[in-house]
Amino acid sequence: MRWHPVTFRKISVLVFLIFVLPIFLTTCGSGGGGGNPVSSSNSGIGADGGTITSGDVKAKVVIPAGALTEATDITVEIASGTQPGNIGAAYEFGPSGISFNQPVTITISYDEGNLAGANEADLKLGKVVNNQWQAIDSSSVDTAANTVTAT
287 MRWHPVTFRK ISVLVFLIFV LPIFLTTCGS GGGGGNPVSS SNSGIGADGG TITSGDVKAK
347 VVIPAGALTE ATDITVEIAS GTQPGNIGAA YEFGPSGISF NQPVTITISY DEGNLAGANE
407 ADLKLGKVVN NQWQAIDSSS VDTAANTVTA T
């Protein structure tokens, strides 16, 4: 699924198993301390596009040419708190309210050791919509690289 325009509303995205989605829908509150925040930002992303990677190098946003009309400070931060069933950290992408003229691609790495016997093919990226976790159906899994990507 592609969105035109795509809007960041300080969304949180994480890798999760599709069969644990009901857990997210009933436990949307913050679940604990966040530890040291890891963030990254790039004020040089403009009309030519670019890539921003989180400070822990596990989340990446690719912004294509033409998605932005002016240089913009894009941020990627590990979200505070954890949710049951997370395969890894949740990330917040900003700034809040920014609209893109072209779809952006988000890729998040996962650790196979955290899957507890689950099938990698069942992994999806998720986002918070109206305070509820929602699977991003266009997610694709690269089992060789241990990444999940969605546009």
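For any residue, its number in the numbering used here is found by taking its place in the sequence shown, counting from 1, and adding 286. Ideal Cβ placement from N, Cα and C applies to all residues, glycine included. If you're wondering where the values come from, they're calculated on a predicted model, not measured in any experiment.
Counting along the chain, G336 sits inside the beta strand (DSSP E) bounded by residues G336 to T339. Shortest Cα-Cα distance from A431 to any of D397, F379, Q418 and S425 involves D397. With a contact defined as Cβ atoms closer than 8 Å, A436 and I392 qualify at about 6 Å. Taking each of Q418, S340 and A357 in turn and checking the Cα distance to A375, the smallest one comes out for S340. According to DSSP, residue pairing for A421 in a beta bridge involves G412. Within 10 angstroms of the beta-carbon of A402 lie fewer than 16 other beta-carbons, which makes it exposed. Beta-bridge annotation (DSSP): T433 is paired with S395 and D428.
The beta carbon of A407 is closer than 7 Å to those of V427 in its chain, skipping five residues each way along the sequence. Cβ-Cβ distances below 6 Å link A345 to V362, Y377 and I394 in the same chain, with the five nearest sequence neighbours on each side left out; the list follows chain order. Distances from the CA of T355 to each of I364, D334 and V347 were compared; the closest alpha carbon is that of D334. Residue pairing by DSSP places V347 opposite I338 and I392 in a beta bridge. Burial of V414 is indicated by the presence of at least 16 other C-beta atoms within 10 angstroms of its C-beta.
With fewer than 16 other beta carbons inside 10 angstroms of its own, A351 counts as exposed. Comparing alpha carbon positions, the residue from A357, Q388 and T337 closest to G330 is A357. A straight-line Cα-Cα distance of about 21 Å links N387 and D423.
The C-beta separation of V390 from V348 comes to about 6 Å, placing the pair in contact by the 8 Å criterion.
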